[in-house]
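Heads up: the structure comes next, in structure tokens.
2 protein chains.
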Amino acid sequence: MSRSAEAVHETLRHSEGFRSAQDIFTEMRADGAKIGLTTVYRALQALSDDGRVDVLRTDDGESVYRACATGDHHHHLVCRHCGHTVEVAGPDVERWAERVAAQNGFTEITHTVEVFGTCNSCTASAER
Amino acid sequence: MSRSAEAVHETLRHSEGFRSAQDIFTEMRADGAKIGLTTVYRALQALSDDGRVDVLRTDDGESVYRACATGDHHHHLVCRHCGHTVEVAGPDVERWAERVAAQNGFTEITHTVEVFGTCNSCTASAER
DNA sequence: GGTCAAAATGAAAACGGTTGTCAAAGTCAG
DNA sequence: CTGACTTTGACAACCGTTTTCATTTTGACC
Ligand SMILES: [Zn+2]
Ligand SMILES: [Zn+2]
Ligand SMILES: [Zn+2]
Ligand SMILES: [Zn+2]
């Protein structure tokens with residue numbers, strides 16, 4: 001793993017929620033890092049290939065990345081306002097996916113499961 | 129709803145799986161329809177706003193559309209080879225999502241749940 | 001130190017799906 | 001038929017991402 005990839009990973013580990021390549025690039029530059037946008041993209045690619053960061057797509061088609069605490073399979077509960085993210089295990093969902101797939105003769109299953117909502121601190125701010 | 133939007137909806141209803149705007153455009157043109165790509169995009173936008181078609185994003189960032197049989201909330205089991213799609217209800221997943229959200233203080237939940245796999249007819253072809 | 005090949009880098013160009021523009025065509029009530 | 005309003009579609013613009021390719025950095029070997 002290249003030096004820049006480590007730097008990108010480091011930046012990501014200091015972030016709470018999912019961040020876009022542009023976000024990361026801008027932040028690293030602001031912090032004085034000499035890095036190009038292309039390199040950030042390449043680093044994110046490598047990191048996600050290695051399973052060291054999770055990727056998901058926003059509604060508007062942007063890829064966003066996060067350095068999750070666990071390398072094990074998990075899903076996310078994401079605040080759509082502040083980006084605050086909680087990693088959640090979903091044994092029930094895993095079983096449901098396998099069952100429904102088996103019932104319909106599907107094999108080699110993969111799945112995407114993400115939950116979006118408003119976190120309690122954002123709810124509090126809105127009420128204030 | 130405009131005339132073209134109905135035509136797009138009609139084309140979509142004759143399709144089995146999820147189709148891209150380009151796909152639909154190409155097929156309609158091949159069938160002799162006089163329609164522009166822009167209009168197809170506008171129709172798909174309108175149809176999905178009205179909940180008459182479902183949209184999902186492929187891994188490579190393309191939006192694909194499908195006229196599902198039910199207007200009720202449901203998820204999809206999609207064959208990643210032939211696109212064959214089964215609509216599935218997921219009461220267990222719905223409950224799981226609400227529970228995990230509540231446990232973490234999240235409200236106003238939405239979720240995306242899609243299952244991808246290989247359908248039995250594609251498994252059969254591969255073995256042949 | 002020096003040499004050199006392989007790997008990494010980044011500015012700029014290309015790419016591809018999608019959206020915006022705007023003038024032309026269609027629709028329809030009066 | 002007229003005029004207002006809507007719909008259409010060729011084309012350009014947009015934007016996140018990938019590719020290109022010349023330059024720089026790295027690291028093994030001397
Ligand atoms: Zn929040
Ligand atoms: Zn899972
Ligand atoms: Zn199939
Ligand atoms: Zn659901």
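Just so you know, the protein sequences line up as chains A and B, in that order.
Numbered per the numbering used here, the first sequence spans residues 1 to 128.
Numbered per the numbering used here, the second sequence spans residues 129 to 256.
Glycine included, every Cβ here is placed at the ideal spot set by N, Cα and C.
Here the structure is a predicted model, which is why all the values come from computation and not from measurement.
- Around the beta carbon of H111 (chain A), a 10 Å sphere encloses 16 or more other beta carbons of the protein chains shown; the residue is thus reported as buried.
- Residue range 235-246 is occupied by the beta strand (DSSP E) that includes F244 (chain B).
- Here S20 (chain A) carries a strand assignment [DSSP, helix/strand/coil].
- With 6 Å as the limit between CB and the heavy atoms of ligand 4, the residues that fall short of it are B:H201, B:H203, B:G218, B:V221, B:E222, B:H239, B:V241.
- In the assembly as shown, G164 (chain B) is an exposed residue. Its beta-carbon has fewer than 16 other beta-carbons within 10 Å.
- Placement of the Cβ of A225 (chain B) at a distance of 8 Å or more from every heavy atom of ligand 2 is found.
- No Cβ-Cβ contact shorter than 9 Å links C210 (chain B) with F106 (chain A).
- With respect to S15 (chain A), L44 (chain A) sits apart: the two C-beta atoms are not nearer than 9 Å.
- Annotation: Cβ neighbours of G218 (chain B) in chain A (cutoff 8 Å, chain order): W96, V100.
- Runs of the alpha helix (DSSP H) lying entirely within the segment 150-187 of chain B, each at least 4 residues long, are 165-177 in chain order.
- Put simply, the CB of R194 (chain B) is far from chain A, with every gap to its CB atoms at 9 Å or more.
- In chain order, H239, T240 make up the part of chain B whose C-beta sits under 7 Å from the C-beta of E114 (chain A).
- For F146 (chain B), no Cβ of chain A is located within less than 9 Å of the residue's own Cβ.
- Short note on T246 (chain B): C-beta closer than 8 Å to some heavy atom of ligand 3.
- Residue A:R42 holds the alpha-carbon nearest to the alpha-carbon of M1 (chain A) among A:G32, A:F25, A:R42.
- At a threshold of 8 Å, S249 (chain B) counts as near ligand 3, since its beta carbon sits closer than that to one of the ligand's heavy atoms.
- Interface with chain A (9 Å Cβ-Cβ cutoff): V214 (chain B) is included.
- When distances are taken from the beta-carbon of H84 (chain A) to the heavy atoms of ligand 3, even the shortest one reaches 8 Å or more.
- Annotation for H137 (chain B): the continuous alpha helix (DSSP H) segment containing it runs 131-141.
- The residues T85, F116, in chain order, have a CB closer than 6 Å to that of V78 (chain A) in the same chain once the five nearest residues on each side in sequence are set aside.
- Nearest neighbour of R141 (chain B) by Cα position, chosen from B:T198, B:H204, B:D220, turns out to be B:T198.
- Contact annotation, A230 (chain B) with L175 (chain B): C-beta distance approximately 33 Å; criterion of less than 8 Å not satisfied.
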